[in-house]
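Residue numbers 100 to 352, in this note's numbering, belong to the letters of the sequence shown in order.
Taking it in order: structure first as structure tokens, then the write-up.
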Amino acid sequence: MKLDFTGRTVIVTGGGTGIGRALSIAFGAAGANVVVNYSRSENEANETVAEIESGPGRALACRADVRVWDDVRAMVDLAIGEFGGLDVLVNNAGNVNQPKLPVAELSLDVWNDTLELNLTSVFLCCKAAIPHLSDQDGRIISITSMSGHTGGGVGGSPYGAAKAGVITMTRCMARELAPRGITVNTVAPGIIDTRIHHRYTPPEQYRQLIDLIPLGHDGKPEDIAGITLLLASPAGGFITGETVHVNGGHLML
100 MKLDFTGRTV IVTGGGTGIG RALSIAFGAA GANVVVNYSR SENEANETVA
150 EIESGPGRAL ACRADVRVWD DVRAMVDLAI GEFGGLDVLV NNAGNVNQPK
200 LPVAELSLDV WNDTLELNLT SVFLCCKAAI PHLSDQDGRI ISITSMSGHT
250 GGGVGGSPYG AAKAGVITMT RCMARELAPR GITVNTVAPG IIDTRIHHRY
300 TPPEQYRQLI DLIPLGHDGK PEDIAGITLL LASPAGGFIT GETVHVNGGH
350 LML
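The following block contains the structure:
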């Protein structure tokens, strides 16, 4: 089954690196108009745009801090002004760059910063996008984490809580938007071969995590892109309020 997004406009937050880059490129390869959002990774975003435009898709890079309402609103306005509408929002931006500390030792600043980047940003992007999403086939897909179900490792409570919050908010929005025919889902990656995982997970610990995966290897960003495109396509039109786990069987253990 070939997924065709010709003429459809997609915003991918954090769309220039890691999973976001794979998402942007996959949508572009399927013919979409892609807004590649970035905050600091300008070079990577521009490279992603160039790769998309070497194929059937169209793209532009948009600097916006997804924690800031005015930035988010301007990003949505840019997508509509450049491409004439908005069909799909992919909330991918997020990070786990917090100190791994037990709750009793966490500062309020670390807690607030983590939730602002990983949960509040999703709220702001959805709030800005929803009035403009196309009825009957609009899509919101948020990239969460297996941590939103398991709680993550010791010291990961802010990140796990934020991702769990996105999952619950997704269910609420799915009910709200169902009368318009807009679906809202999440994709929860497990261990994916990205810069973030390698930055914050020591090599030996990373190998131990892979040993826990029944399929015997980590995932690739393209594994997340594939299921996300399916959910964004007509083939995923009867799926809403769900979380799709992509973890090689890790969660079933």
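Just so you know, even glycine gets a beta-carbon here, dropped at the ideal spot from N, CA and C.
| How far does the beta strand (DSSP E) with proline 288 in it reach, from first residue to last? | For the purposes of this step, residue 288 is taken as residue 189 along the sequence shown, with counting starting at 1. Run containing proline 288: 282-288, per the beta strand (DSSP E) assignment.
| request: With a threshold of 16 other CB atoms inside 10 Å of the CB of histidine 344, please say whether the residue is buried or exposed. | output: As a position in the sequence shown, residue 344 is number 245, starting the count at 1. Histidine 344 should be labelled buried.
| Assuming valine 286 and isoleucine 326 make a contact with CB atoms under 8 Å, what is their CB distance in whole Å? | For the purposes of this step, residue 286 is identified with residue 187 of the sequence shown, where counting begins at 1. For the purposes of this step, residue 326 is identified with residue 227 of the sequence shown, where counting begins at 1. Between isoleucine 326 and valine 286 the Cβ distance is about 6 Å, and since that is below 8 Å, they are a contact.
| Segments of 3+ residues assigned as beta strand (DSSP E) that fall wholly inside the region 227-294 | 238-242, 282-288
| In chain order, which alpha helix (DSSP H) runs of at least 4 residues are fully inside the region 131-187? | 141-152, 168-182
| Can the beta-carbon of leucine 188 be found less than 8 Å from the beta-carbon of alanine 228? | Within the sequence shown, residue 188 is the residue found at index 89, counting from 1. Within the sequence shown, residue 228 is the residue found at index 129, counting from 1. Yes, the Cβ-Cβ distance between leucine 188 and alanine 228 is below 8 Å.
| Does the Cβ of histidine 297 have 16 or more other Cβ atoms within 10 Å, making it buried, or fewer, making it exposed? | Translated into the one-based positions of the sequence shown, residue 297 becomes position 198. Answer is exposed; the Cβ neighbour count stays below 16.
| request: Pair every Cβ in the region 327-335 with every Cβ in the region 147-158, then say whether three or more of these pairs are closer than 8 Å. | output: no
| said: Report the start-end ranges of each alpha helix (DSSP H) in the region 291-325 that is 4 residues or longer and not cut off at the edges. | reply: 294-299, 302-310
| field | Identified DSSP bridge partners for asparagine 190 | value | Along the sequence shown, one-based indexing puts residue 190 at 91. BP columns for asparagine 190 point to Ser241.
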